[in-house]
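Chemist: With mature numbering (1 follows the signal peptide of the UniProt record, and there is no 0) applied, the sequence shown corresponds to residues -22 to -1, 1 to 687, in that order.
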Amino acid sequence: MRFTFSAALAALLLSLVATASAADEDGYDLWLRYRPLDRAAQAGVQAQARSIVIPGVASPTTQAALAELNRGLAGMLGRVPGPASRIADGALLLATPARLPELGAASPLHTELTALGNEGYLLRQTRVQGHNVTLIAANSDIGLLYGAYAWLRDAATGAKPEASSAPTLQLRMLNHWDNLDRTVERGYSGQSIWDWWALPDIKDQRYTDYARANASLGINGTVLNNVNSKPEVLTAPFIAKAAAVADILRPYGIKVYLSARFSTPLELKETSTADPLSPEVRAWWARKADEIYKAIPDFGGFLVKANSEGQPGPQDYHRSHADGANMLAAAVAPHKGIVMWRAFVYAPKGAHLADDRAKQAYDEFKPLDGSFAANVLVQVKNGAIDFQPREPFHPLFGAMPKTPLMMEFQITKEYLGYSTDMAYLGTLFEETLETDTKTSTGAVAQTLSGMAGVANIGSDRNWAGSHFDQANWYAFGRMAWNPQAKARDVAAEWAALTFGKRAEAPVVDMMMMSRETVVNYMTPLGLHHIMGTGHHFGPAPWVDNLERPDWNPVYYHRASRDGIGFDRTAKGSNALEQYAPEIARQYADPKTTPEQFLLWFHHLPWDYAMPSGRTLWAELLARYDKGVADARSLQARWVALKPLIDARRYAEEAQRLNRQVNNAVLWRDACIAYFQSVSGLALPPGVTAPAHPLDYYKSLSYPYAPGRG
Ligand code: GCW
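(1) May I ask you to verify whether the stretch 165 to 183 touches the stretch 448 to 463, counting CB pairs closer than 8 Å and requiring at least 3?
(2) State yes or no: is the C-beta of serine 167 nearer than 8 Å to some heavy atom of the ligand GCW?
(3) Hey, out of Thr398, Lys344 and Val497, whose CA is closest to glycine 376's CA?
(4) When DSSP builds the beta bridges, which residues end up paired with histidine 109?
(5) Does the stretch 406 to 421 come within contact of the stretch 471 to 483, defined as at least 3 CB pairs closer than 8 Å?
(6) DSSP three-state call for asparagine 523: helix, strand or coil?
(7) For the ligand GCW, is there any heavy atom lying closer than 8 Å to the beta carbon of tryptophan 529?
(8) On the DSSP bridge list, what partners appear for asparagine 153?
(9) Among the residues of its own chain, which have a CB less than 6 Å from the CB of alanine 648, if the five just before and after it don't count?
(10) Buried or exposed for glutamine 357, please, with buried defined as at least 16 other CB atoms from any protein chain shown within 10 angstroms of its CB.
(11) Less than 8 Å separating the Cβ of arginine 320 from some heavy atom of the ligand GCW?
(12) On a CA-only basis, which of Gln574, Phe575, Asp545 and Gly605 is nearest histidine 581? Give me that one, please.
(13) Can you tell me whether histidine 296 sits near the ligand GCW, meaning its C-beta is under 8 Å from at least one heavy atom of the ligand?
(14) Cα separation between arginine 646 and aspartate 182?
(15) Looking at the ligand GCW, does it come within less than 8 Å of histidine 514, judged from the CB to the closest heavy atom?
(16) What residue ranges within the stretch 360 to 444 form continuous alpha helix (DSSP H) runs of no fewer than 4 residues, ordered along the chain?
(17) Tell me glutamine 357's beta-bridge partners as DSSP assigns them.
(18) So glutamine 41 and lysine 337 are supposed to be a Cβ contact under 8 Å. How far apart are they, rounded?
(19) Along the chain, where does the alpha helix (DSSP H) containing valine 639 start, and where does it finish?
(20) Which stretch, first to last residue, makes up the beta strand (DSSP E) that contains leucine 236?
(21) Among Arg131, Gly136, Leu100 and Thr186, which one has its Cα closest to the Cα of alanine 38?
(22) According to DSSP, what are the bridge partners of glycine 168?
(23) So isoleucine 65 is in the beta strand (DSSP E); what residue range does that whole segment cover?
(24) Under 8 Å: does the beta carbon of glycine 687 sit that close to some heavy atom of the ligand GCW?
(25) Look at the alpha carbon of tyrosine 271 and the alpha carbon of alanine 126, and state the distance between them as a whole number of angstroms.
(26) Just to confirm my understanding: we take alanine 642, look at its own chain, exclude 5 residues before and 5 after, and list those with CB closer than 6 Å. What are they?
(27) By DSSP, does isoleucine 30 sit in helix, in strand, or in coil?
(28) How many angstroms separate the CA atom of arginine 466 from the CA atom of phenylalanine 350?
(29) So does tryptophan 129 have its beta carbon nearer than 8 Å to some heavy atom of the ligand GCW?
(30) What's the gap between the Cα of asparagine 204 and the Cα of threonine 571?
(31) Verify whether the separation of the beta carbon atoms of valine 323 and asparagine 285 is less than 9 Å.
(32) When the Cα atoms are used, what is the spatial distance from aspartate 334 to threonine 547?
(33) Taking 8 Å as the cut-off, is the CB of valine 205 close to at least one heavy atom of the ligand GCW?
(34) Are the stretch 379 to 391 and the stretch 423 to 441 touching, with three or more C-beta to C-beta distances below 8 Å?
(35) For arginine 164, is the beta carbon positioned less than 8 Å from some heavy atom of the ligand GCW?
(36) In whole angstroms, what separates the C-alpha of leucine 122 from that of arginine 592?
Listed below in structure tokens is the structure:
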């Protein structure tokens, strides 16, 4: 009797524990959750992986692939097939031509496989050595690892295994804006994951999990430190720390890069100048490169922010960006390293200000097309101003045919509500990448040889600050692998992996509307850069007293009694001239300018007639109202999803979506109060007056907002 009672109690407790642990997730596992499949799906997956065979000598990369497959199968099926040495029916076979001679020139797969290059893979149900197998084939071990992740993704989502895939872009990079003291510039997910102080002796398990997550997306490079760099990162102790990280990332196909401060040798007092043409300086960088490559043989190279926002650069010595970039490029060239030189430049304090900050990068870089060394890439921000909720594509894309360009997206949401507001950036990436430059290059995506994303990864348990912000890391990686990927498909994949198949469709609907919602309550109709000084969080369209004119929101919206918007046509700054003639012509006329860019290119009277039949003033108000209404809709949609989401993640996102509604209302009310004070116009019937007078919004300050590094 006693025995029965305690057995029953134990069973009850066990089931409670099981339910609780199944219910509560903290997000650490990201999209690599590998939760148990239903019975039918289990049978299908099991049939493809009765054993795992990787012929030939194991490498760190094949070991990583095997470990991940085992982890995935243990989670999804509750069993681990383990490695087998012989090919048998039902084997999951991972092989390169070097590992399995059958995949060589005589193979029917040879042509297809060769076309996939070094990183691509193919998945195929086929026969090998007389056995029915599921084949993951590639030309290199890293291709096998990517193939293993693809196979696991398909298994977890019930998707039909993808036939074959290869990346179009060579460089798929994260840029960490992480400082050496572990603060993160524009980071909203805790501290830096790089514990520089503890490295190289103490290596956090997170570094390996970081590598797994990135490899699962095909990310193959990471810049460990902030572009606002420090000289110390290139000293021996920090090179040793970076080398320890590189050792962990290497099996996953991820190279380490560092942001270099242009004046490093001078500041370390090892040279008397930082002039890029000085032999002393050139020799110093060559020695430094040798030193780095001794510690990190596959070191990727340098990322540089120069002559921008007070950073030192070649212009300090009356040299050009090309002189500076080529000097560093010469130092790393013997080691096959590269230099990524950022085009985010705007005049330093006191220098002559361009008439329009949006024009400066093009003005400085376009004339240098053709003068960069072969191992230099110019990294161009998405947005000629700065990662705004919406910007037209940067005019440098399509304008530098002789220079490899990289796209720089910001995954961390500096300007889109940090990690509190929900904004799925897949739609933003897609919108930019698919835009036709109307030059010989075609779509923006076709101008690229690499893509960089400013990381949103930190020490928070869920990595990204919020669960939905994980999707932005995911989308960046998947779209760097395939810039033609559709935001909706990527969202569907992420949602199924993260919240399960049943939640997929409604979660995707939320994601797909989320960025437009933010645009509407922050900067509708092409408005930009009207956020608070320094922290860039809340609204501050009234700010007009900062040292530089182009730091002031009033510089960008130009609202006055007569109208609103920045005239970038020939009557104004003529930034339009930097685009292909076809685009310049189309955007020269407000009637043919896409509504979403209207006030980016035009200054228009408040009573300008919009296609909706409303005046511009009424349309602006309607957009702010729509932003708030859609934020409420996101909140309600999440509530409806409650039965499908585990309690912990449900609550964590619900709190954020509630706060987002308040944030949307704040933006709407503050902007309407301010623009009304300028336009002097009444609110049309039905439009709710802001909750407070303008002075109230002006008095709000956020001295301790996160992310200022
Ligand atoms: O958007 C601005 C940010 C800065 C950042 C800079 C840049 C790293 O506010 O924090 O500095 O862009 O991209 O260099």
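Beta carbons: idealized from backbone N, C-alpha and C, even for Gly.
Modeler: Considering the structure as presented:
(1) no
(2) no
(3) From the listed residues Thr398, Lys344 and Val497, the smallest Cα separation to glycine 376 is found for Lys344.
(4) Val106
(5) no
(6) Three-state result, asparagine 523: coil.
(7) no
(8) Val201 and Val432
(9) Pro517 and Tyr675
(10) buried
(11) Flag set: Cβ of arginine 320 near the ligand GCW.
(12) Asp545
(13) No; taking the cut-off as 8 Å, the Cβ of histidine 296 has no heavy atom of the ligand GCW nearer than that.
(14) 43 Å
(15) Yes, Cβ of histidine 514 sits closer than 8 Å to a heavy atom of the ligand GCW.
(16) 404 to 411
(17) Arg320 and Met384
(18) Not a contact, Cβ separation roughly 51 Å.
(19) 625 to 657
(20) 233 to 237
(21) Residue 38 is actually proline in this sequence, not alanine. The residue with the shortest Cα to Cα distance from proline 38 is Thr186.
(22) Glycine 168 is not bridged to any residue.
(23) Run containing isoleucine 65: none; DSSP gives neither H nor E here.
(24) yes
(25) 30 Å
(26) Tyr499, Gly605, Val606 and Ala609
(27) strand
(28) 37 Å
(29) no
(30) 37 Å
(31) yes
(32) 12 Å
(33) If you check the C-beta of valine 205 against the ligand GCW, you find a heavy atom less than 8 Å away.
(34) yes
(35) yes
(36) 57 Å
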